């Protein structure tokens, strides 16, 4: 079969002959069919975020292509990309699983197949560009006193230029009045978290993620906690009464809450005028 022959059906006549007797047999009509080469016209190479599946579009099919394979190179496989065996072509695009790979450009070949005649087309090179997900290096989880309205969550560094943040509080925190934050502008450190004034003492859990608005890539959720500490209390006894000239008075207390270990006394102006010291 000549290599330059285009696909189609070619006819011929075959006869056999005995060279000794010179006798010739009957004519036999035969055909040789050259099948078309399956082909797919691929669209633009995809760009996606690390760990976010993508698709490879295609514009046209020829030669009866109805299956495909994908073969990633060694670099891509080392980052977690997995070759695809013979798989049916879906309409318009080919789904591609993307691992949590490092940012970079990964190479592969796409081979169309005609399942009816078994012909394979030429491998078609394509790339997948993986954009790194943004991250933020958080500081210590904040602790505030009961009644506080804000808590500061510091951070020291970022990667891949996050510009927004979200906080997703769990059901317990939401029941206490904490409100989720969705795609708010990321401020310079710290991130200010609003505390509901009625929040009881306790530890409240949430997930914080950051987003790059240009690449649309989002980090995974980082667990954070906001601890609300109960304010200390004291139950006082009777107010003291002493005779003139006495230099001390004892103010008794019955019980405490929240483990207080210090106290303040703030005398009013009349008391201070009489010589009492705060």
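Residue numbers (my numbering): 452 to 729.
A virtual CB, placed ideally from N, CA and C, is assigned to each residue, including glycine.
Note that the structure is predicted; figures quoted are calculated from it, not measured.
Checklist entry - To which residues of the same chain is residue 523 closer than 8 Å at the C-beta, ignoring the five residues directly before and after it? => result Taking the first residue of the chain shown as 1, we reach residue 523 at position 72. Residues 532, 533, 534, 557, 558 and 559 of the same chain have their beta carbon placed closer than 8 Å to that of residue 523, with the five preceding and five following residues left out of the count.
Checklist entry - Expressed to the nearest angstrom, what Euclidean distance is found between the alpha-carbon atoms of residue 710 and residue 610? => result Position 259 of the chain shown holds residue 710. Position 159 of the chain shown holds residue 610. Their backbone Cα atoms lie some 42 Å apart in a straight line.
Next on the checklist: In the DSSP assignment, the alpha helix (DSSP H) including residue 492 goes from what residue to what residue?
Outcome noted: Along the chain shown, read from residue 1 onward, the residue named residue 492 stands at position 41. In the DSSP assignment, residue 492 falls outside any alpha helix (DSSP H) and within the unbroken beta strand (DSSP E) covering 490-493.
Checklist entry - Secondary structure at residue 526, three-state DSSP: helix, strand or coil? => result Working through the chain shown from its first residue, we reach residue 526 at position 75. The answer is helix: DSSP assigns residue 526 an H, G or I state.
Next on the checklist: Threshold first: 3 residues or longer. Then list the beta strand (DSSP E) segments lying entirely within the region 459-509, N to C.
Outcome noted: 459-465, 479-485, 490-493 and 498-500
Checklist entry - Apart from the five residues just before and just after residue 669, which ones in its own chain have a Cβ nearer than 6 Å to its Cβ? => result Along the chain shown, one-based indexing puts residue 669 at 218. Contacts found: 660 and 662.
Checklist entry - For residue 635, which residues of its own chain have a beta-carbon under 8 Å away from its beta-carbon, when the five flanking residues on both sides are left out? => result By 1-based counting over the chain shown, the position of residue 635 is 184. 615, 616 and 617.
Checklist entry - Which runs of the beta strand (DSSP E), 3 residues or longer, sit entirely within the region 691-715? => result 704-708
Next on the checklist: According to DSSP, is residue 667 part of a helix, a strand, or is it coil?
Outcome noted: One-based indexing of the chain shown puts residue 667 at position 216. DSSP places residue 667 in coil when its eight states are reduced to three.
Checklist entry - In whole angstroms, what separates the C-alpha of residue 702 from that of residue 684? => result Mapped onto the chain shown, residue 702 falls at position 251. Mapped onto the chain shown, residue 684 falls at position 233. Each residue's CA atom was taken as its position, placing residue 702 and residue 684 some 15 Å apart.
Checklist entry - Buried or exposed: where does residue 572 fall if 16 or more other Cβ atoms within 10 Å of its Cβ makes it buried? => result One-based indexing of the chain shown puts residue 572 at position 121. Counting Cβ neighbours within 10 Å, residue 572 comes out buried, since at least 16 surround it.
Checklist entry - At what residues does the alpha helix (DSSP H) containing residue 609 begin and finish? => result One-based indexing of the chain shown puts residue 609 at position 158. Not the alpha helix (DSSP H): residue 609 falls in the beta strand (DSSP E), residues 606-610.
Checklist entry - Starting from residue 562 and walking both ways along the beta strand (DSSP E), at which residues does that stretch end? => result Your numbering for residue 562 matches position 111 in the chain shown. Taken as a continuous stretch (DSSP letters only), the beta strand (DSSP E) holding residue 562 covers 555-564.
Checklist entry - Between residue 677 and residue 657, is the Cβ-Cβ spacing less than 9 Å? => result As a working mapping, residue 677 is identified with position 226 in the chain shown. As a working mapping, residue 657 is identified with position 206 in the chain shown. Yes, the Cβ-Cβ distance between residue 677 and residue 657 is below 9 Å.
Checklist entry - DSSP state of residue 623, grouped into three classes? => result The residue labelled residue 623 in the question sits at position 172 within the chain shown. It is helical.
Next on the checklist: Between which residues of its own chain and residue 462 is the CB-CB distance below 6 Å, once the five residues before and five after are set aside?
Outcome noted: Walking along the chain shown from the start, residue 462 turns up at place 11. Contacts found: 482.
Next on the checklist: If I measure Cβ to Cβ from residue 456 and keep anything under 6 Å in the same chain, skipping five residues before and after, which residues do I get?
Outcome noted: The count along the chain shown starts at 1 and reaches residue 456 at position 5. Excluding positions up to five away in sequence, the list reads 485.
Item to check | Burial state of residue 629, where buried means 16 or more other Cβ atoms lie within 10 Å | outcome: For the purposes of this step, residue 629 is taken as residue 178 along the chain shown, with counting starting at 1. Counting Cβ neighbours within 10 Å, residue 629 comes out buried, since at least 16 surround it.
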